[in-house]
Every structure is written in structure tokens, then in C-alpha cells.
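Q: Provided herewith is a single structure, encoded as C-alpha cells, for subsequent inquiry.
In our numbering, the protein residues as written are 194 to 409.
Here's what the structure looks like:
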């Protein structure tokens, strides 16, 4: 006895799934636009679900609409920061670390790179790395580490075993980094760089210091 494959039914199911996904992405992007423009959180967990599940499609949709694709990561980081801020503030300073990108340094930076500890800042004052590290040290932070790339972060986490992390990087790196640390049960706050290009970048120090000082 043979059974006919219900192609028509399968087609209808696939079409329904496609319509649901399209509706979810459209709704998620609309809510994200409100967050981006008005700084008002509306259904934040739904937005994160859409962005995390359909990240590539969401970016392409923003691009097709004439927007900047990085809005996805910018909004995602802002939402995650808000959702985890209270938990982060309860972690003692001495159980937190700060991870900075090496692109914050100047081209003439005299610091050497260590395969274990990242860039060994010498405090020359040519960039803001030493100032940030000093601020964190005064509060009792476990460490401020300057890394050459995202892959180095796993090594740092394994060595320092922090309960909380402040990550500074480009929007995409911060977004993906917060996803990975969440899987490890580490509370994270992210700060996106103000400039791109991977050379002599800038970070909003007021925003960063505000997060560094968070305490409940």
C-alpha cells in the first residue's frame, strides 16, 4: 500500500511558517526602531528573540529599508544592558573585569602583546587605556585586559573566571560577545565604540565610567 506525499499540505505549512517569521521580523524591527529613536523599551525580550533567531535576515531587512545594519547590534546591546544592569550592579567590583580592544591605542603605542595577558599597557598616556585601567583599579576591579580580538576573550575568561564583564568593542563584537558570555552564566555590560575602522578608535568615557561605577 502506497501513500501519496501531501505536497500541497507541506507547501501550505511552509508558507504559514514563512508568513509567521516575516511578521515576527517586521514587528521586531518596528519595536527596535522605537528603542533606537526614542530610547523606550517595548517588549525587549521579544526583540532579542527575533534578533538572535533571525540575525542575518534582520540585518538585511534593515539594509533594504535604507537603514544602517549596525542598528540591530546597537539596539540588542542596549536592551541586554538594561535587562542585566541590576544583576551586574550586585556583583562586587573585585569579581569583575573590563575587556578593551587593542584598536583604542595609538599607532605609535609602545606596549607589547602577550599571548597570555593581551596588550601590556605601559601607561604612556597617548590613549585612554591607562586612564580606564586606573579608574577600574581604584574601584578594585580584578583586571582590565586589552585584547587583539574576540578569540582571545575565551582565554581571558578561563584565566580570570569573572562573575561579570564590561566589554568594549564595535557593535557586532559586543553583541556576539554578550551572547557568548550569557551562555557561560556571566553577567555582561557592553559599550560600543564611537568610531569604526579598527585603528585609533574612540569610546564614550562618560558612558563607560558610568557602567564601571555601577553598584547596588
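C-beta atoms are modelled at their ideal positions from N, C-alpha and C, and glycine is treated no differently.
(1) Any idea what DSSP makes of residue 430, helix, strand or coil?
(2) Beta-carbon separation of residue 347 and residue 337 under 9 Å?
(3) May I have the straight-line CA-CA distance separating residue 380 from residue 280, to the nearest angstrom?
(4) Buried or exposed, going by whether 16 or more other CB atoms sit within 10 Å of the CB of residue 219?
(5) For the segment 290-302 against the segment 356-366, are there 3 or more C-beta pairs whose distance is under 8 Å?
(6) Apart from the five residues on each side of it in sequence, which residues of its chain come closer than 6 Å, Cβ to Cβ, to residue 247?
(7) What does a CB cutoff of less than 6 Å around residue 277 pick up in its chain, not counting 5 residues either side in sequence?
(8) Only counting the same chain, and skipping five residues up and downstream in sequence, which positions put a Cβ closer than 8 Å to that of residue 387?
A: According to the structure data:
(1) The structure shown does not extend to residue 430, since the chain is modelled only from 194 through 409, so no value can be given for it.
(2) Residue 347 is not a Cβ neighbour of residue 337, given a cutoff of 9 Å.
(3) Between the alpha carbons of residue 380 and residue 280 lies a distance of about 7 Å.
(4) exposed
(5) yes
(6) 218
(7) 380
(8) Same-chain partners within the cutoff: 394, 395, 396 and 397.
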